[in-house]
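Residue numbers (the UniProt record's numbering): 1 to 161. Note that the Cβ used here is the ideal one computed from N, Cα and C, for glycine as well. Everything on this sheet refers to the single structure shown next.
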């Protein structure tokens with residue numbers, strides 16, 4: 001057999017396209033604890049088996065309007081829009097337990113996670129100290145009350161000595 005053969009140069013262009021098979025996996029906790037008067041909540045982290053770029057967003061929850069998320073190269077940085085005050089909670093349940101849902105997507109496969117943000121109390125410094133009287137007549141007996149000290153404290157129920 002004398003078959004005929006030919007040779008031809010062929011160029012094959014391979015284009016990398018995002019994989020659609022594997023959704024991201026959220027690896028961060030679903031519960032955060034935040035001290036009152038602080039806006040920082042924490043980082044939302046996720047991985048993608050296909051190596052796709054991930055996008056982070058707030059997708060739901062009763063308290064979603066009170067939060068913002070900013071994505072950097074690897075995480076979504078979750079923050080309160082305004083620092084919460086334990087003594088005056090602004091969550092829907094007014095119990096310092098904030099509920100929201102975050103979404104992470106690789107462009108093809110969005111996944112969500114419900115979050116619980118617990119705001120904790122901080123013992124705040126009293127804001128004012130006053131003396132009820134500033135003078136006393138001379139030659140008063142030892143133990144005579146000069147005046148009463150009082151203070152204003154953002155934390156209800158504290159006692160002072």
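DSSP state of residue i mapped onto helix, strand, coil
i           : result
residue 128 : strand
residue 111 : strand
residue 86  : coil
residue 161 : coil
residue 103 : strand
residue 5   : coil
residue 119 : strand
residue 14  : coil
residue 145 : coil
residue 97  : strand
Cross-strand partners of residue i (DSSP beta bridge)
i           : result
residue 151 : 129
Chain-order list of residues whose beta-carbon lies under 6 angstroms from that of residue i (same chain, five-residue window excluded)
i          : result
residue 59 : 101, 103 and 112
Status (buried if at least 16 other CB within 10 Å, exposed otherwise) for residue i
i           : result
residue 48  : buried
residue 76  : buried
residue 168 : Here the chain comprises residues numbered 1 to 161, so residue 168 is not present and cannot be evaluated.
residue 96  : buried
residue 126 : exposed
residue 52  : buried
7 angstroms Cβ shell around residue i - same chain, five flanking residues per side excluded
i           : result
residue 46  : 24, 25, 26, 27, 54 and 104
residue 40  : 79
residue 35  : 120 and 122
residue 136 : 144 and 146
residue 33  : 118 and 120
residue 131 : 147 and 149
Contacting residues, own chain, Cβ-Cβ under 8 angstroms from residue i (five flanking each side not counted)
i           : result
residue 155 : 87, 121, 123 and 124
residue 152 : 126, 127 and 128
task = Scan the region 20-76 and note each continuous beta strand (DSSP E) run of 3 residues or more that stays entirely inside, going in chain order.
result = Whole beta strand (DSSP E) segments, 3+ residues: 31-35, 40-47, 55-60 and 67-71.
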